[in-house]
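In my numbering, the protein residues as written are 64 to 309.
All C-beta atoms in this analysis are idealised placements derived from N, C-alpha and C, irrespective of residue type, glycine included.
Note that the coordinates shown come from a computational prediction; the quantities given were computed from them, not determined experimentally.
See structure below.
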């Protein structure tokens, strides 16, 4: 947005006054505020001050509209420069699968982008997908001064599923020349594996819907115990050798 003043004789068109112009979402806006006074009962000085004030007001209104549009776009659209498979439906955060420095391991992660400074939130054996997402959202909200109600909505509705990282791995391998192994997704799908393991264990042991005694466990207690038991059993191979933890 720009405001320019032209005095009498500066333009061949004969216009004198202020021109306010700018572009919002690709649409060009401009408005002229002339110094030519059409009111005989108003002095030229008063008219000049009035037009100057109107020009500044129009500029401020356009700047406010531009800022509002930029904010709405920021929280509701993927930036045009975001590479395929990385977008989350808002700007300032992307998905990534990167190789850990000095190792052959790849890690799925959220990247909070702020010009030259980038924060990474890896999904690993100490930080689940949900935990990494919430930590990344906390940083994103603070860095970008996002309204709390918008951050709450985005945190609830924009969280990617493990399938998003699966699709990103496919995109990078098939279209970008990478060779990311499938075990890069191990920690991303850990939550789904645990939930499936829990359901299988509850089904195998039965659902305690009847209260035959006061010591009857509830569904959550039995499910937790069953899942832990299945995990312990799966650490052993059929030949009796102990399976190393993942």
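Distances from the CA of residue 97 to each of 90, 113, 85 and 89 were compared; the closest alpha carbon is that of 113. Residue burial annotation: residue 184 is buried, with at least 16 other C-beta atoms found within 10 angstroms of its C-beta. By the C-beta criterion, the segment 166-185 is judged to be in contact with the segment 234-254, since at least 3 inter-stretch pairs fall below 8 Å. Residue 227 places its beta carbon less than 8 Å from that of residue 158. In the three-state DSSP reduction, residue 251 falls in the coil class, being neither helix nor strand.
When rounded, the separation of the alpha-carbon atoms in residue 123 and residue 225 is 45 Å. Selection 94, 120 and 119 evaluated against residue 84 yields 94 as nearest (Cα-Cα).
Here residue 167 is exposed, its C-beta having fewer than 16 other C-beta atoms within 10 Å.
If you ignore the 5 residues before and after residue 77, its C-beta comes within less than 6 Å of no other C-beta in its own chain. Here the C-alpha atom of residue 92 lies approximately 19 Å from the C-alpha atom of residue 135.
In the displayed model, residue 205 falls within a helix according to three-state DSSP. If you look at residue 66, you'll find it in the beta strand (DSSP E) that goes 65-69. With respect to the 8 Å criterion, residue 87 and residue 144 are not classified as neighbours on the basis of their beta carbons. Under the DSSP assignment, residue 109 falls in the alpha helix (DSSP H) whose first and last residues are 107-139. Secondary-structure assignment with DSSP links residue 87 through a beta bridge to 90. Beta-bridge partners assigned by DSSP to residue 162: 169.
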